[in-house]
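Participant: Following this message is one structure expressed as structure tokens.
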Amino acid sequence: MEVRGDGRRRAGGRRGLGVRPRRRAVTGSDTGARPEGRHRRAGADGSRDERAVPRATFRSYYGRPVLKPPVWEWKIPAYFFTGGMSAGSALLAAGADLTGRPALRRASRLGGFGALLVSAYLLIADLGRPERFHHMLRVARPTSPMSVGTWILTAYGPGSGVAAAAELLPAWMRATLPGRLLSAAARPAGLSAAVFAPGVASYTAVLLAQTAVPAWHEARRELPFVYTGSAAASGGALGMLLTPVAEAGPARRLAIAGTLGEVAASRMIDGRGGLVSDAFRSGRAHRLRLAAEVCNVAGVVAAATVARRSRLGAVAAGLVVLGGSLLQRFGTFEAGVASTKDPRYVVVPQRERLAASGRLPRDETATPRITPGVRGQPRVDIARPRHVRRHRSWHTTGSFGYSAAPASVSASRRC
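Under our numbering, think of the first position of the sequence shown as 41, with each following residue one higher.
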């Protein structure tokens, strides 16, 4: 020890560091003196010293989604529903006009145009700015479902609007020249809307099927039939709600036929098997689609029995069928969202397509196992192909334009 001029001793060795004034002791030293009036704060992990850097947490690619989920909100499935209901009503209105059912024609024209207005509002609200719909009309691209759908809506809307406007003409105006011209144009306008109605009813399903969402893409053959049947069912149900029982026969038959077609196509999706169809048979999507099927079956039974004799029964049957159609749209939407959050729905179909094309041995396409990974993280175990070298540049690209490198590479390297 060395004595300083102020009478204090200065430590000359490593052990003396623990007794320097106002100096914290070295970790592990048992001779450190705590400064008077100051107290150490215990760390979050139970130690006596507080950590300057928080404890590191483990992160990996296991269980992390490969795709980003759709940014669409509830407005988009509601837009699908109202657009399909408008298309079904246009078909029903054209048939009622040709067969001489004025009450059914009036209800279907007004209901269909009202549903179209709601559908347009929901679409523009989701786009954020109204001019974005107008900008889509600058280009006509037959290979783009969105571009084709925009032009179909543009061709469908005027006919539906003119036919609905003719139904709203007051009696005193029908004798005037503008009234006579509008009344004469009502039937051709209604027929033109009926021509474009099947496209309006089905183009949204084609739009979903051409995205990178696994559940929607794998169901690309059945989704158009589901959406077309749902559109016919909702159009017939709306006619049952707004038309007297005596003239609502075509509406009941259209609702029954559309509902049966919707249920059959939906069951085809469930019966396809494979991994991706699990997204339709599990979680919130399964609950919504199951409720939709219950409503559809109950609506068909009610439309075939009590709706033929009672106005109240017809209203109840129409509401139940409309509810089933709406639940079907939301169930399909939720299935797509769920399939983007699980990497299995992306990686496994890609490997199956590679095996089918001969670029991957078929024995390497086994269904992955979900096992607990490091620190409880979910782990996807997928066999790595023997002919593929372990390097970071290896990745697989799906047939509909996205890369699955992060999840597939990390999953294969842990096997």
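Every residue, glycine too, gets a C-beta built ideally from N, C-alpha and C.
Quick check on V355: does DSSP put it in helix, strand or coil?
Facilitator: Note: V355 maps to helix in three-state DSSP.
Participant: Measuring only the C-alpha atoms, how far is R149 from I192?
Facilitator: Their Cα atoms are separated by approximately 18 Å.
Participant: Quick one: Cα of G289 to Cα of A143, how far?
Facilitator: Using only the alpha carbons, I get a separation of about 12 Å.
Participant: Taking the C-alpha atoms as reference points, what is the distance between G265 and E302?
Facilitator: Note that residue 265 is Phe in the sequence shown, not Gly. C-alpha separation (whole angstroms): 7 Å.
Participant: Compare the beta carbon distance of A295 and A319 with 8 Å and say whether it is the shorter of the two.
Facilitator: Contact flag unset, no.
Participant: Among V337, P228, V387 and L107, which has the Cα closest to the Cα of P198?
Facilitator: Comparing Cα positions, the closest option is P228.
Participant: For R327, is the classification buried or exposed, using 16 other Cβ atoms within 10 angstroms of its Cβ as the cut-off for buried?
Facilitator: R327 is exposed by the Cβ-count criterion.
Participant: Could you tell me if H257 is buried or exposed, where buried requires 16 or more neighbouring beta carbons within 10 angstroms of its beta carbon?
Facilitator: Per the 10 Å Cβ criterion, buried.
Participant: Rounding to the nearest angstrom, what Cα-Cα distance links A331 and V337 in this structure?
Facilitator: C-alpha separation (whole angstroms): 10 Å.
Participant: Among the residues of its own chain, which have a CB less than 6 Å from the CB of R260, if the five just before and after it don't count?
Facilitator: Closer than 6 Å at the Cβ level, and outside the excluded window around R260, lie A249.
Participant: Kindly confirm or deny that the segment 113 to 125 and the segment 144 to 163 touch, where touching means at least three C-beta pairs closer than 8 Å.
Facilitator: In short, these stretches touch, since the Cβ pair count reaches three.
Participant: In terms of residues, what are the limits of the alpha helix (DSSP H) holding S223?
Facilitator: Residues L217 to A249.
Participant: Which residue from S350, A237 and I309 puts its Cα closest to that of A286?
Facilitator: When only C-alpha atoms are compared, the closest one is S350.
Participant: Judging by CA-CA distance, which residue of V202, A215, A211 and A245 is the nearest neighbour of A225?
Facilitator: Nearest of V202, A215, A211 and A245 to A225, Cα basis: V202.
Participant: How many Å lie between L132 and G151 at the Cα?
Facilitator: Each residue's alpha carbon lies about 11 Å from the other.
Participant: Along the chain, where does the alpha helix (DSSP H) containing D310 start, and where does it finish?
Facilitator: Here the alpha helix (DSSP H) through D310 covers G289 to D310.
Participant: My parser needs the alpha helix (DSSP H) runs of 4 or more residues fully inside the segment 259 to 289; what are they?
Facilitator: Segments of the alpha helix (DSSP H) lying fully in the segment 259 to 289: 263 to 282.
Participant: Just checking my contact of T380 with P170 at CB under 8 Å: how many whole Å lie between their CB atoms?
Facilitator: Contact doesn't hold; Cβ gap of about 29 Å is too wide.
Participant: One question on the structure: do L162 and Y119 come within less than 8 Å of each other, judged by their Cβ atoms?
Facilitator: Yes, Cβ-Cβ distance for L162 and Y119 is below 8 Å.
Participant: Taking a contact to mean a Cβ-Cβ separation below 8 Å, would you say A342 touches A325 in this structure?
Facilitator: It is not a contact, given that the beta carbons lie outside the stated cut-off.
Participant: Between which two residues does the alpha helix (DSSP H) containing W191 stretch?
Facilitator: Unbroken alpha helix (DSSP H) run through W191: P185 to E207.
Participant: Less than 8 Å between CB atoms is the rule here; does R172 satisfy it with respect to chain C?
Facilitator: Looking at the structure shown, chain C is missing, and only one protein chain is on hand.
Participant: Excluding five sequence neighbours on each side, which residues of the same chain lie with their C-beta closer than 7 Å to the C-beta of L247?
Facilitator: Here the set comprises P185, M186 and G189.
Participant: CB-CB under 6 Å to P182, same chain, minus the five flanking residues each way: which ones, in chain order?
Facilitator: Once the five neighbours on either side are set aside, P182 has no close Cβ partner at all.
Participant: Which runs of the alpha helix (DSSP H) at least 4 residues long sit entirely within the segment 308 to 385? Give them in chain order.
Facilitator: Complete alpha helix (DSSP H) runs here, min 4: 323 to 344 and 351 to 380.
Participant: Should L221 go down as buried or exposed, given a rule of 16 or more other Cβ atoms within 10 Å for buried?
Facilitator: Looking at its Cβ environment, which holds fewer than 16 other Cβ atoms inside 10 Å, L221 is exposed.
Participant: Where L107 and V377 are concerned, what is the direct C-alpha to C-alpha distance, given to the nearest angstrom?
Facilitator: Roughly 10 Å between the two C-alpha positions.
Participant: Please report the residue range of the alpha helix (DSSP H) in which S126 lies.
Facilitator: From DSSP, the alpha helix (DSSP H) with S126 extends over K115 to T139.
Participant: Pull up the CB-CB distance for V117 and R369, whole angstroms please, since I reckon it's below 8 Å.
Facilitator: The displayed chain sequence assigns Pro, not Val, to residue 117. Their Cβ separation, rounded to whole angstroms, is 4 Å, which keeps P117 and R369 in contact under 8 Å.
Participant: Within the continuous alpha helix (DSSP H) that includes P147, where are the two ends?
Facilitator: According to the sequence displayed, residue 147 carries Ala and not Pro. Counting along the chain, the alpha helix (DSSP H) containing A147 begins and ends at P142 to L167.
Participant: Return yes when the Cβ of G364 is within less than 8 Å of the Cβ of G323, no when it is not.
Facilitator: In this structure, G364 does not lie closer than 8 Å to G323 by Cβ.
Participant: Less than 6 Å between C-beta atoms, sequence neighbours within five positions excluded: which residues of the same chain meet that for T372?
Facilitator: Excluding positions up to five away in sequence, the list is empty.
Participant: Could you check the C-alpha separation between G140 and G269 for me, to the nearest Å?
Facilitator: Each residue's Cα considered, the two are about 25 Å apart.
Participant: Just to confirm my understanding: we take M213, look at its own chain, exclude 5 residues before and 5 after, and list those with CB closer than 7 Å. What are they?
Facilitator: If we look at M213 and ignore the five residues flanking it on each side, its Cβ neighbours are G219.
Participant: Compare the Cα-Cα distances from R292 to each of A277, L263, E374 and P254 and report the closest residue.
Facilitator: Of the listed residues, the one whose Cα sits closest to R292 is A277.
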